[in-house]
Structures are given as C-alpha cells and as structure tokens.
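Residue numbers (the numbering used here): 804 to 1105.
These notes concern the structure reproduced below.
Here you go:
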C-alpha cells in the first residue's frame, strides 16, 4: 500500500494554490497558478514543484500552470512502485483528467522528460506541444558522445537496491547541495528553494522513492524503445540543452520527431529553470504562443 508522506512547510511564490489530487491510485501534491491554456511542468531529481518557481511567476499571466510533485517526491504519495516512465506518464494523464484539462503543453526536465515524452507519444490529441530538457531518452541512439565515458556516477549508486537510502541518512543536505551546486555551475540556488528540496529528500522513504526512478531506468528504456519503434512523435517539440547534456537529447529525438526545434543555453547548468530562468522563459514564451509546427527546425544557442 502507498505510504502517506510527512507534510512539511514549503516555500511558495505568490499566487500559487497547493492542492492534493487523486490520480492513478495515488495522491499528488500539485501547485497551480494562473489561468488560460494548460501547461504541465514535470520536475526531476532532486527537485519538487518548486523547481518551477520563476517559471510560474513568468507564465501565470497567460497560462494555467500545473506543477505536481512527482510520484514519491515532495508531499506526493511515497508509492511502493510505479517509478518507470510509463506509469509516471499515466500519473500525469490521470492528473490532467482530474483537473478537467483536455489540451496541454507538457514541459519536462531530467527525470520528468521520459514521462513527458511518453505522454506525448501516447496522447497526441491531448498534448499540443512538448518541451524537454537536460535528459536522455533511454538507450536511443544520439547520446554516444555524452555517454563516451559512461553514465554519471550517481546512476549506478542510486540503482543498487537499499544502498543510497542507507548510507545517505544524516547527510541528505550535503548530498542535495552537491547536485544544486553542480547544476548551477557553482552559483547555487535560492536558499528557500534549496531548503525545500533538502526537506523533500530527507529520510529513508524519501531517498528510497528518489532512487526508485533510477532502479526503474531499464523498464523506462524498454518503454521508450517500444514507443519509438511503433510510432512517431507528431506534436511540435522543443529540446533544450545546457551543461552537461547539451545537444544529446535533440539528437535522440530528431530521427522520429516530425516538428523539432533545438536550443542550447550557454553558460547554464543542468537545473535550467533555477539557474537561467529568464533565458528559459525567452524560449518558452514564443514556443508556447506559436500555432504549432511553424517553429524553426534548426538548433540555436542562447
């Protein structure tokens, strides 16, 4: 049975409503802001919905922004299983249905990218646009240069059942700080957001759920491979890279994506929405406002 998470105080920007929504058998903690066409924001590790704080402020005047804590993270249900991309995509679909949304732009980063991608592949009538950032799509070709020296070290560490959630107890803050500093090229993030992330990933259950995303990577990779072997990505898509993923995600997408634009944000770390939110908004705003596949097909740098 799912385990009910401990509730914690969170840093919340003005105009954001926090709601618990039942979706796909679990309770998702969801931040909602603004009115207009729906935009679903899917975070990665080690984040919560607060990764999108500046993006919520920047887009709330034009869109209804939906930013859940993904399964097992933040104040969402600490589920026993279901951390593969396919189940996470079903979570997102059920959330949108519960909120009454029949058309949505989906934005995913890091661990939020594979479920965002699978949702767009499965439900092109629901997903009108897709934005994916700083992640890889399973073992699809195109990421060979990025993976030339192997996957990042924490992938193997997190994948070992029971290890990380045992050895990291009591050191969660230092561990999260490493990712936030590396992901911002040493510049760090807002202290209130940092503290919220540390709280969200402190404790055995929180760490188990976080590591479950990595333990489910083989399943997620198989789901992605199957989806791309039987269909194409038909919705207008934008791939955004920074450091360290760069253009690898765009290269993975290009062979089977009908309408793709790629950008690399220079001098930007992995956690783009916190490190360079103004540059991200300068890409998101025209893309979300566009009618669809008329975006430029060539990559650019910002």
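We treat Cβ as the ideally placed atom computed from N, Cα and C, and that holds for glycine.
task = Taking the CB atoms as reference points, tell me whether residue 1073 and residue 937 lie closer together than 7 angstroms.
result = yes
inquiry  = Whole angstroms are fine: how far does the CA of residue 1043 sit from the CA of residue 951?
reply    = 21 angstroms
Euclidean distance between Cα positions of residue 972 and residue 959 = 18 angstroms
ask   = Counting along the chain, where does the beta strand (DSSP E) carrying residue 1057 start and finish?
value = Taken as a continuous stretch (DSSP letters only), residue 1057 belongs to no beta strand (DSSP E), as it is neither H nor E.
query = If you count every other CB in all the chains shown that lies within 10 Å of the CB of residue 944, and 16 or more means buried, which is it?
reply = exposed
inquiry  = Given this structure, state the Cα-to-Cα distance separating residue 975 from residue 1002, to the nearest angstrom.
reply    = 9 angstroms
Within 7 angstroms, strictly: CB atoms of residue 1031 and residue 968 = no
ask   = Bridge partners of residue 860, per DSSP?
value = DSSP output for residue 860 lists no bridge partner at all.
Contacts around residue 833, its chain only, beta-carbon distance under 6 angstroms, and the 5 residues preceding and following it disregarded = 822, 824 and 871
task = For the alpha helix (DSSP H) holding residue 894, just list the boundary residues, first then last.
result = 888-901
request  = Name the one or two DSSP bridge partners that residue 936 has.
outcome  = 912 and 1043
task = Compare the Cα-Cα distances from residue 820 to each of 829, 946, 863 and 1035 and report the closest residue.
result = 863
task = Report the residue ranges of all alpha helix (DSSP H) runs contained in full by the stretch 963-1045; include only those spanning at least 4 residues, in chain order.
result = 967-970, 975-985, 994-1003, 1007-1018 and 1020-1033
query = Excluding the five sequence neighbours on either side, which residues of its own chain have a C-beta within less than 6 angstroms of the C-beta of residue 1078, listed in chain order?
reply = 987, 1071 and 1072
task = Could you check what DSSP says for residue 1074 in three-state terms: helix, strand or coil?
result = coil
ask   = Which class does residue 834 belong to by DSSP, given the choice of helix, strand or coil?
value = strand
key: Burial state of residue 906, where buried means 16 or more other Cβ atoms lie within 10 Å   = exposed
ask   = Name the DSSP bridge partner or partners of residue 841?
value = 867 and 907
ask   = Is residue 880 closer than 7 angstroms to residue 829 when the C-beta atoms are compared?
value = yes
request  = Label residue 857 either buried or exposed according to how many other C-beta atoms from any shown protein chain fall within 10 Å of its C-beta, with 16 as the threshold for buried.
outcome  = buried
ask   = What did DSSP end up calling residue 820 once you bin it into helix, strand or coil?
value = strand
task = Could you tell me the distance, in whole angstroms, from the CA atom of residue 984 to the CA atom of residue 992?
result = 8 angstroms
key: Residue burial classification, residue 997 (beta-carbon count within 10 angstroms, cutoff 16)   = buried
query = By Cβ distance, which residues of its chain are closer than 6 angstroms to residue 867, with the 5 residues on each side in sequence left out?
reply = 837, 838, 839 and 841
query = If you follow the beta strand (DSSP E) that residue 1063 is part of, which residue opens it and which one closes it?
reply = 1063-1067
inquiry  = DSSP has residue 930 in a bridge; who is on the other side?
reply    = 907
message = residue 1083 and residue 1076 - do their beta-carbons sit closer together than 7 angstroms?
response = yes
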